[in-house]
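Working notes for the structure below.
Here it is as structure tokens:
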């Protein structure tokens, strides 16, 4: 027989458990379980009514089976029956089963709620606690609906027992987290705050968790808790270790309560009342002093509890960030911990110091520990500690110590754990850029990075070095020389080949004077790597070769030879083959002038936020790189680096393509290739280059490639849209007789809010299809005009109804034929009116005139933003000006199916955030609208009410007009 | 607040799981697998904390059993170690020199004791005496409940 179970032993259960433990294999275990399940099922189904004990025993067995990881699909009813049992243990098992296994079976929930209701009103404290526990464990919305108003009453009622009050407080907290809308503030709220004064320490400990959460959401209503918390804290801190009896933990008075009080205070700014503030500072000083006293016990529990309070106090000091004296003391204390023999303390000290490093008062003090931290990075046995050390080095880095820190991180990278290499690489890359005083150091660092940890160097990192080299002519020669040397290594990383290919292709001429790096030597060096590389790199190298032909005419014959060989010109990869064919042709038929224009040096990149930083943020999850960090880098970037903080983003190049006179936005200059272009490329295929987005323009034949620059004046009417044609052709006829806007134009527009492709319009004659893609603040739209009849359309013109100079589309559309038009779109500022499109043609004798709204809506320029629940609500709160919010309550027009809704919200372009809204029924999204001038952060919340078939939609955006517009647009969608 | 508490053996066998926020079964299985693997792979005398996803994981080994919990970002790691310790003390007080087998065979009791100590991922009662009293009380209640129920409500 196994160990004896205590209390109400259930022999059958013990036997079953020991049987399972004796099973030799997984199969035997499953067999035994199935046997038991069959047995229980027959018992439950049998005619004979089971007594309470058996019911309890079987339910408990089911629970055990479930906890082993098997599915349980029956027994719920029996468990619910146990809830109304007279026997305490039966009730208890019933509640346990429900807590662990409840699903949203509404039938059952009603029964459970009934049982809970009975127990709550029983006035029996043990029963009430069981019921409250069940509510807290399940915490579903149905339960919140049933009990959210009842529990506050229990919590503040004068005659409630202390133990029930404790449970009620935490139960309410749980419901508030799930369904904040159901827990209404009221008269009870002020009484809850006064629970901080309750003489029962257990009640205070439980209540303070609730108060902290409520204060975070409604700081003003709970302001009074600050002074109460300070006085309570002060009483604990000054008490002797024996005063609090059982609430003293290993000689530390009330550590849990102390920490929670300090945490509550972190919801507020420093107290304004001088006396309160004085008292608090005194408390904090006492806590810091106590750290220096000899320990009252050798037990680790004693030091843990004591240091827990100390760390919480330091968090508060850092949160206030206003007491230089305390900050420096905190920093010194953490400095001591950095060398402590307890690994846990070293870990926490490193972590805490990271936040301290961002305070102006303590930044210098943190820096004094640099040697210790570097040492930690080198010698700590535990990878998670080393990682914190790396984080801290990153946080404490500034111009004065950047070279040292970057060097240390680089050397650590050689042996770093694989799990943290990518992050380390990003950090090194960011620091190197942010604090670069001379760019040769920057180039060296990044090339070293690629050499040491090439596999972990993401695209963002090597894009960035190229952008910086292109934008700074003082470093180009050095970069060319350095990559040339790096490429000499017999084995070098593919990323090195990419950077090398790109840089030599642009700036190889700067080192060509030296016979050791003559053009042919450079070419041979690059080409020696060619066969070891993947397709994208080979494509890039081919582009570098054509650039070489332009830079060094003497290499032309050799390179043409290479391009001409079968392995290139007949390569099975379409992309490589296309490049080889086009480049070969280009080099043989184009004159030197044309070549020089087509293959001109890359124009500088526009300035943007570093994409590496964005990547690091993404990797670490939102909030991991603090806002200060970001602003910091912007500031520093501007001031130290003369604005080298320029954006990589490939989309940007595609954009400037349309408006820059230089045709060679891509290394290869697709546009110039197009006229020669033999191989048709689908509009979707992307060149795998640094600027992959600069995809080939659609097949040349029927394309009217309008450079389409939308300039929205503040008046935000479509009249002020400005369109520039790229062609030098005749202007379209001015629209003297503008067609009246189709009555269904708005409806058509609404169809495209959440999708990008489809049929925009169709009548008996004409069908207009749309394909569009958007990236950042840029978009490209393909319009397909299909003639549905068998008769030719004559004088076919399409006029985006704007201030237009554009090349008309083919004036004749044959019966059954389709023509295509491409519009490039840039969003300059937010707007609410969609641009219009006029279409005119003759069908038979009759003039057809149509006017449509082009489905370009502000949401097309969304970039999804992932964030945690915490960040979401913080930002939500920050956008609390009444005009920033737009809300609509409306009836559902379409299916309320979850998947359909999700698809629509994703189509909207925002990120759909899971686990943010406490109510799982609700949808929460976040995104940033990218316009040329600014970025507009948008948060969205959609609350469906299935019963009423209604929705409530709330939008908060950093710009009021955007909230309004999005709200209008979206209200039509659901 | 704590998001979850897991007790598992050195062989990775799960002995107790408690979830303080709604999590799908699928996700639970994934978390259990990932966290146990992560913790079991740690060399001895490593620190007791690590970052995992957006959570802090705090764990401690008592004899053959790992006590492991996932915390939200602003929670205090050291104090959480003591939450785990207090739970062990409570189990010890109830079972008398608690061992893994006690928890296997009396898993329901382990849950009940936990419920008296934590609720919704927050500490409900820190006094060992108070918790033990309510647990013991519950045990005695089972005998007297029948009498108790036949009494008038108040």
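Protein chains in written order, with full-length UniProt numbering: chain A, 1 to 974; chain B, 1 to 154. Where is the CB? At the ideal position from N, CA and C, for every residue including glycine.
A Cβ-Cβ distance of about 18 Å is found for the pair residue 174 of chain A and residue 204 of chain A, leaving them out of contact under the 8 Å criterion.
Interface with chain A (9 Å Cβ-Cβ cutoff): residue 64 of chain B is excluded. By alpha-carbon distance to residue 58 of chain B, the top candidate from B:1, B:80, B:21 is B:80. As summarised for the segment 382-463 of chain A, the continuous alpha helix (DSSP H) elements at least 4 residues long and confined to that stretch are 383-396, 402-413, 418-434, 439-453, given in chain order. For residue 71 of chain B, no Cβ of chain A is located within less than 9 Å of the residue's own Cβ.
By the Cβ-count criterion, residue 25 of chain B is exposed, with fewer than 16 other Cβ atoms from all chains shown falling within 10 Å of its own Cβ. Taking 9 Å as the cut-off, the Cβ atoms of residue 71 of chain B and residue 1 of chain B count as close. Between the alpha carbons of residue 77 of chain A and residue 12 of chain A lies a gap of roughly 21 Å.
Against chain B, a Cβ distance below 9 Å from residue 73 of chain A picks out nothing, because the smallest value is about 12 Å. Residue 935 of chain A is bridged by DSSP to A:930. Residue burial is scored here from C-beta neighbours: residue 35 of chain A has fewer than 16 other C-beta atoms within 10 angstroms and is therefore classed as exposed. Using a 10 angstroms sphere on the CB of residue 889 of chain A, the tally of other CB atoms stays under 16, which defines it as exposed.
One Cα belongs to residue 75 of chain A, the other to residue 44 of chain A, and the distance between them is close to 8 Å. Annotation for residue 250 of chain A: no alpha helix (DSSP H) segment contains it, and DSSP assigns it neither H nor E.
Just so you know, the alpha carbons of residue 41 of chain B and residue 10 of chain B end up roughly 10 Å apart. When the beta-carbon positions are compared, residue 395 of chain A and residue 420 of chain A stay at least 9 Å from each other. Assignment of residue 864 of chain A by DSSP, reduced to helix, strand and coil, places it in the strand class. Between the segment 148-167 of chain A and the segment 192-206 of chain A, the count of C-beta pairs closer than 8 Å reaches three or more; the two stretches touch.
Annotation for residue 408 of chain A: 374 place their beta carbon closer than 6 Å to its own, counting only its chain and skipping 5 residues before and after. Linking residue 576 of chain A to residue 535 of chain A through their CA atoms gives a straight-line distance of about 7 Å. By the neighbour-count criterion, in which a residue is buried when 16 or more other Cβ atoms sit within 10 angstroms of its Cβ, residue 430 of chain A is buried.
Of all C-beta pairs linking the segment 950-963 of chain A to the segment 869-886 of chain A, three or more are shorter than 8 Å, placing the two stretches in contact. If you look at residue 9 of chain B, you'll find it in the beta strand (DSSP E) that goes 2-9. Between residue 288 of chain A and residue 353 of chain A, the alpha-carbon positions lie close to 16 Å from each other.
Within 8 Å of the CB of residue 384 of chain A, the CB atoms of chain B belong to 46, 47, 49, 50, 51, in sequence order along the chain.
Residue 120 of chain A has its alpha-carbon roughly 9 Å from the corresponding atom of residue 150 of chain A. DSSP, read as helix, strand or coil, puts residue 798 of chain A in strand. Around residue 167 of chain A, the beta-carbon contacts reaching into chain B at under 8 Å are 119, 124. Chain-ordered, the chain A residues with CB closer than 9 Å to the CB of residue 129 of chain B read 245, 246. Residue-level contact check: residue 9 of chain B does not touch chain A, since none of the beta carbons of chain A fall below 9 Å from its beta carbon. Proximity of residue 234 of chain A to chain B, defined by a Cβ-Cβ separation below 9 Å, is not satisfied.
For residue 14 of chain A, the nearest CB of chain B lies under 9 Å from its own CB, placing it at the interface with that chain.
Residue A:54 holds the alpha-carbon nearest to the alpha-carbon of residue 90 of chain A among A:318, A:54, A:112. Taking 8 Å as the upper bound on Cβ-Cβ separation, chain B lies near residues 60, 63, 64, 67 of the segment 47-67 of chain A.
Apart from the 5 residues on each side of it in sequence, residue 330 of chain A sits with its Cβ closer than 6 Å to the Cβ of 314, 317 in its chain, given in chain order.
When C-alpha distances from residue 363 of chain A are compared across A:332, A:380, A:344, the shortest belongs to A:332.
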